[in-house]
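Listed below in C-alpha cells is the structure:
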C-alpha cells in the first residue's frame, strides 16, 4: 500500500468512525446456539451407527448420555411413552435408529450448515437419508422400518419389529417433510416408497379404506383405524412424489383418500369421525389432515389442487369456530360428538404430554402452520390466546416433562411474537429456553428424554422430542438476533 | 374472529359454517379502492410523525398494526430482510421514516387524489416531500437520510442508520423528482449536486461505491453496482431539466462513459450493466448529443439482455414467491420487462411479461414461504399487464384471484397490511406500498377507469 493509498484509507476510517451512530441499543445475547452445535457435534461424532457388521451412519434414536454410546440397558420410559413405541427390540436396550423420530434433528442439521457454512451437518443428514432410502426398505412391500413402531437395529443390522406383535408394522409417527431432499438423494427409492404406501398401506383402492398399521415384511392391510392425520401424511407423500415423478397413480391415490374424507365430513357439523365407525370427532387430527392437504395442493395440478384447498379451508372454518377455551381452561377442544358438535369435557393440557394426546402448545403449533400459510385471523387469535395461556408461569415440578413440550411452548411464543410484535412473548420464549437448557441438557452435550428420569443422569431418547426442542432453540436464536437470511424450518410437524 | 363467537353456543358455530367462501378462486375481490383508501386514511390519521419535539408529518415506515401506533419493540424481521436495512436504530424499535421505502405509498396518495377528487392525499404526500427535503439533508454532503440504510427517526428527530455507520445508498430509483423540484427546488438541486460531489469518488472515471457517508465527505472507488449508476443518471437528468446546470450533464456523461467501458468484458464480449430504463428516461431531458448516446446505450443493453434471456430463460431459474435481500422473483423481473415495453414497445418484452403472467397462473406460494407483499404486487401487476396486452379473460381472473388473496392475507381484519406471511406488523421495506399500487391497477382494470395508475416498476 503506497503512502497516498494509506492516507486515503486512514481518512476513510476516520469518516467511518465519525459516522458511527451513537445511542443504539446493545446487541442482545443469545446463548442457545452453542448448545445446539454441541448436541449436533456429539450426535455426529458419537451418536451414529458404527456398530455391528454394517456401519450405516444412521443416528441412534437413544443414547447413554454419560458414555455418549449406545445404551446397554433399557431405561425406564418417560411418562406417557408406551414401551412398544420405543426404538429398540422388545425388552432389550434401545439400539434403534428411527429417522422419523429424528426428523427435526435432521432439519436442524441442514439449518446448522446454512448458519455455519460448514457442510458437515448437511452431509451427516444426507448420509442418513441416503443409506436409509437405499437399504432399509422391505423387499416385499417397499415400506420403511420407521415411524411409530419400527426402527433399524444398529447392532444386528436388521429392522426391529413391532414389539407388541413381533411382526412388522408400518405406521407414520409424523408427517415426513423431507421428501424433496429424499427425491434429490435417491429418486428411485423415494418413488418406490410412495407407491408402496398406496399398494401396501391402503386396503381398498376404491374407497381408500386403510388402517394406520400395515405389514412391513409382507402385504398385510386392513380396513381399520383410519385416523385423519395418517391420511394427511400419505397425501403429502404422494403429492411430493407426484411433483418429482408425474406418475398418475399418485394423483389417483390422493383423490381416493381425499374423497374418503370429504365423504366423512358431517353435513351439519363439518366434523370428521375419529376413525371409521366412531361417534366422536377429533378436530386436531382433522386439522393435521388440513395442513397436509394444503401443503399437497401446492404440488399437484388442478382440479385436484383446488379440491385439496377447499377441504383445508373447510377445516379452517370448522376448527376456528369451535368453542376452544384458552382463557380459563387453557386448552383446545380435543373431542366432540360428531353429530351434535357437543364438546366432550376434554381439553388439551398445558404441559402433560403422553401418547395420543396433544398439549396446548402442540395444538397451537398446528394453528401456526395454518396461520402462516393462510393469514386467517381466527388462527392468529388462537395462537395469541394459547401463547398467553403459557405466560402465567413456568411448568410444574411434579410433571415428567418432555423436551418436545418445551419446544412447542417456545416456538408458540415466537409465533405470537411474530404476529403481535409484543416483546413479552419473545421474553417468555427466552425464559422457557433457559429453563429447558437447565432441565434437559444440564451441561451435558445431549439432552435427556424427560425432566424426571428414574436414573439420575437420564438417557437421551428422541421419541420425546429433543429434536423439536433443538429446532425451537435454533428458531429462538435467529429471532433474538433478527437473522432473516437463514430460515428456520417450521416447528409444526409433531401432530 | 372474536372471542365472543368462539365461546358462543355450539349451534351458532354450526350455523356459521355456511358463511364465507372457501378459497380465493372464482369470486370477485373485495372493493380494492376501499382497501387502499382505508390504508391511506389510516396512515394519514395514525401513521404520521406527531412525535418528539418536531412533528414532521412524515409517514412512518413501520407501525404496530394492533395499536396503530409506533412500535414499542423491534419486531421479527420478514424473511430475507437484513438487520441493518430496517428503518430504525440497531436493535431498537423501528421509528424511522424513509421516503424511498414509502415511495409507492406516496405515488398511491397522488393517485388516490386523482381517483377520488380529494386533495388531502396529495397534500399529505406533498407535505412529506417538502418537509423531508427542507429539513433532513446533511449540511455537509447534501445527501438525504433515506434509502437502503438511513431514515429519519421520528422520535429523536434526527437522521439514523440501521447499521453501525450512516451510509447513503439508494433503495430504488426515485420517480418523484418533478414533484420534488416543484415543491423544494433548491434542496432538490442540492441533493443532485451532493450525489455527484459526495457519492461519486472520481469525477474523471466516474468511480463510486453504492455506499457514501452521509455526515461527511468520503466517497470511495468501491462497489459500483450498475443499477446505482442508473439511479444517479435518473436523478441528474431531472436536475438538469429543472436547473439547466451543465454540471449535471457532466455527471451523466462521466458515469455513462464508465459503463460504456465496463460493458466490454476481458474477452471482448459485452455484458449488460445499468440496463436501459434510466438511460431512456434521461434521454428525454438532456441535449441531443448526450441523449443519442443514452438512447444508443439503452438499445445496446436491450440487445445484450434479450440475447442473454434467449439463451438462458430466467423464468424457471428464478424463485416465484420467496424474496430475499439482493434476490429477485420472476414477477419482479416481469416488472422490468413491463417498464421497458412501456418505453419502447419491443414485442420481446411484452411476450416476457405475458410468459410470467402464465407462470403465476393458479400458482400459490410454496408451503411455509414467508412471502412479501411486494411479490404479490408484481404478480398482480403482471396479470393486469398481460390482460391489457391480450384482453384474455384468464389474466383478469388471475389478477382478481391474487388481489383477493393478498387482501385476505396481508390486510386480514386490519386497515394496514402486514409485512409478510409470517409477521404481523406494518413495515414498508417488504413492499406493501407496491401492493397498494397493484390493487389500484386491478380496481382501474375492473372499473375501466381512465385515471392513470403509477407504473408498478420501481422495485429494481
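Protein chains in written order, with our numbering: chain A, 1 to 495; chain B, 1001 to 1460.
Quick reminder that beta carbons are idealized off the backbone N, C-alpha and C, glycines included.
The beta strand (DSSP E) enclosing residue i, as first and last residue numbers
{"i": "residue 153 of chain A", "result": "151–153"}
{"i": "residue 1150 of chain B", "result": "1150–1153"}
Listed by chain order, chain B residues near residue i by CB distance under 7 angstroms
{"i": "residue 418 of chain A", "result": "1076, 1422, 1423 and 1424"}
{"i": "residue 479 of chain A", "result": "1076"}
{"i": "residue 364 of chain A", "result": "Those do not exist, as residue 364 of chain A stays about 14 angstroms from chain B at its closest Cβ, beyond 7 angstroms."}
{"i": "residue 423 of chain A", "result": "1073"}
{"i": "residue 194 of chain A", "result": "Chain B residues near residue 194 of chain A: none, gap ~18 angstroms exceeds 7 angstroms."}
Where the alpha helix (DSSP H) containing residue i begins and where it ends
{"i": "residue 128 of chain A", "result": "120–135"}
{"i": "residue 1334 of chain B", "result": "1330–1344"}
{"i": "residue 254 of chain A", "result": "248–264"}
{"i": "residue 388 of chain A", "result": "377–391"}
{"i": "residue 158 of chain A", "result": "Run containing residue 158 of chain A: none in the alpha helix (DSSP H); it sits in the beta strand (DSSP E), 158–160."}
{"i": "residue 417 of chain A", "result": "403–420"}
{"i": "residue 1397 of chain B", "result": "1393–1406"}
{"i": "residue 1360 of chain B", "result": "1347–1360"}
{"i": "residue 232 of chain A", "result": "228–245"}
{"i": "residue 1375 of chain B", "result": "1373–1390"}
{"i": "residue 1311 of chain B", "result": "1288–1311"}
Counted within 10 angstroms of its Cβ, other Cβ atoms place residue i as buried (16 or more) or exposed
{"i": "residue 1021 of chain B", "result": "With a pLDDT of 39 at residue 1021 of chain B, under the threshold of 50, the modelled position of that residue is not reliable, and the figure given next carries that caveat. Residue 1021 of chain B is exposed by the Cβ-count criterion."}
{"i": "residue 1259 of chain B", "result": "buried"}
{"i": "residue 1369 of chain B", "result": "buried"}
{"i": "residue 1117 of chain B", "result": "exposed"}
{"i": "residue 1104 of chain B", "result": "buried"}
{"i": "residue 1447 of chain B", "result": "exposed"}
{"i": "residue 543 of chain A", "result": "Because chain A in this structure spans residues 1 to 495, residue 543 of chain A falls outside the shown range and cannot be described."}
{"i": "residue 264 of chain A", "result": "buried"}
{"i": "residue 1345 of chain B", "result": "exposed"}
{"i": "residue 1007 of chain B", "result": "For residue 1007 of chain B, the pLDDT reaches just 36, beneath the cut-off of 50, and the residue's location in the model is therefore unreliable, although a value from the coordinates is still provided. Label assigned to residue 1007 of chain B: exposed."}
{"i": "residue 1037 of chain B", "result": "buried"}
{"i": "residue 355 of chain A", "result": "exposed"}
{"i": "residue 27 of chain A", "result": "exposed"}
{"i": "residue 22 of chain A", "result": "Summary for residue 22 of chain A: the model assigns pLDDT 44, below 50, so the residue's position carries little reliability; its value from the coordinates is reported in the next sentence. By the neighbour-count rule (16 or more Cβ atoms within 10 Å), residue 22 of chain A is not buried but exposed."}
{"i": "residue 139 of chain A", "result": "exposed"}
{"i": "residue 438 of chain A", "result": "exposed"}
{"i": "residue 1002 of chain B", "result": "Residue placement at residue 1002 of chain B is flagged as unreliable, the pLDDT there being 36, under the threshold of 50; the coordinate-derived value follows with that caveat. The residue is exposed, with fewer than 16 neighbouring Cβ atoms inside 10 Å."}
One or two residues paired with residue i in a DSSP bridge
{"i": "residue 1036 of chain B", "result": "The partner list for residue 1036 of chain B (beta bridge, DSSP) is empty, contrary to what the question assumes."}
{"i": "residue 212 of chain A", "result": "The partner list for residue 212 of chain A (beta bridge, DSSP) is empty, contrary to what the question assumes."}
{"i": "residue 170 of chain A", "result": "A:214"}
{"i": "residue 63 of chain A", "result": "A:460"}
{"i": "residue 1460 of chain B", "result": "In DSSP, residue 1460 of chain B forms no bridge with anything."}
{"i": "residue 69 of chain A", "result": "A:64"}
{"i": "residue 1048 of chain B", "result": "B:1059"}
Under 8 angstroms from the C-beta of residue i: neighbouring residues of chain A
{"i": "residue 1367 of chain B", "result": "294, 295, 298 and 373"}
{"i": "residue 1082 of chain B", "result": "484 and 485"}
{"i": "residue 1409 of chain B", "result": "374 and 375"}
{"i": "residue 1359 of chain B", "result": "Result: empty, since nearest Cβ-Cβ is about 15 angstroms, beyond 8 angstroms."}
{"i": "residue 1377 of chain B", "result": "Within 8 angstroms Cβ-Cβ: nothing; residue 1377 of chain B doesn't reach chain A, min ~16 angstroms."}
Contacts of residue i in chain B (Cβ-Cβ under 9 angstroms)
{"i": "residue 244 of chain A", "result": "Neighbours of residue 244 of chain A on chain B: none; closest Cβ ~15 angstroms, over 9 angstroms."}
{"i": "residue 239 of chain A", "result": "The contacting residues do not exist; residue 239 of chain A stays about 10 angstroms from chain B at best."}
{"i": "residue 433 of chain A", "result": "Chain B residues near residue 433 of chain A: none, gap ~16 angstroms exceeds 9 angstroms."}
{"i": "residue 387 of chain A", "result": "In chain order: nothing, as chain B lies at least about 12 angstroms away."}
Residue i: contacting residues in chain B (beta-carbon distance under 8 angstroms)
{"i": "residue 28 of chain A", "result": "1091"}
{"i": "residue 282 of chain A", "result": "Within chain B, no residue comes near residue 282 of chain A; the closest Cβ sits about 16 angstroms away, beyond 8 angstroms."}
{"i": "residue 490 of chain A", "result": "1368"}
{"i": "residue 290 of chain A", "result": "Under the 8 angstroms cutoff, chain B gives no residues; its nearest Cβ is about 12 angstroms from residue 290 of chain A."}
{"i": "residue 335 of chain A", "result": "Correct list: empty, because the minimum Cβ distance to chain B is about 14 angstroms."}
Chain-ordered neighbours of residue i on chain A, where CB pairs are closer than 7 angstroms
{"i": "residue 1064 of chain B", "result": "421"}
{"i": "residue 1362 of chain B", "result": "302"}
Under 9 angstroms from the C-beta of residue i: neighbouring residues of chain A
{"i": "residue 1079 of chain B", "result": "484, 485 and 487"}
**Request:** Kindly provide the ranges of any alpha helix (DSSP H) runs that are 4 or more residues long and lie completely inside the region 1053–1132 of chain B, ordered along the chain.
**Result:** 1103–1116
**Those runs of the alpha helix (DSSP H) which lie wholly inside the region 282–361 of chain A and span at least 4 residues** = 283–297 and 304–320
**Segments assigned beta strand (DSSP E), at least 3 residues, entirely inside the region 1134–1204 of chain B** = 1150–1153 and 1158–1161
**Request:** Would you mind listing the beta strand (DSSP E) stretches within the region 1213–1257 of chain B that are 3+ residues and don't spill past its ends, in chain order?
**Result:** none
**Prompt:** Of all the alpha helix (DSSP H) runs that stay within the bounds of the region 172–200 of chain A, which reach a length of 4 or more residues?
**Reply:** 179–185
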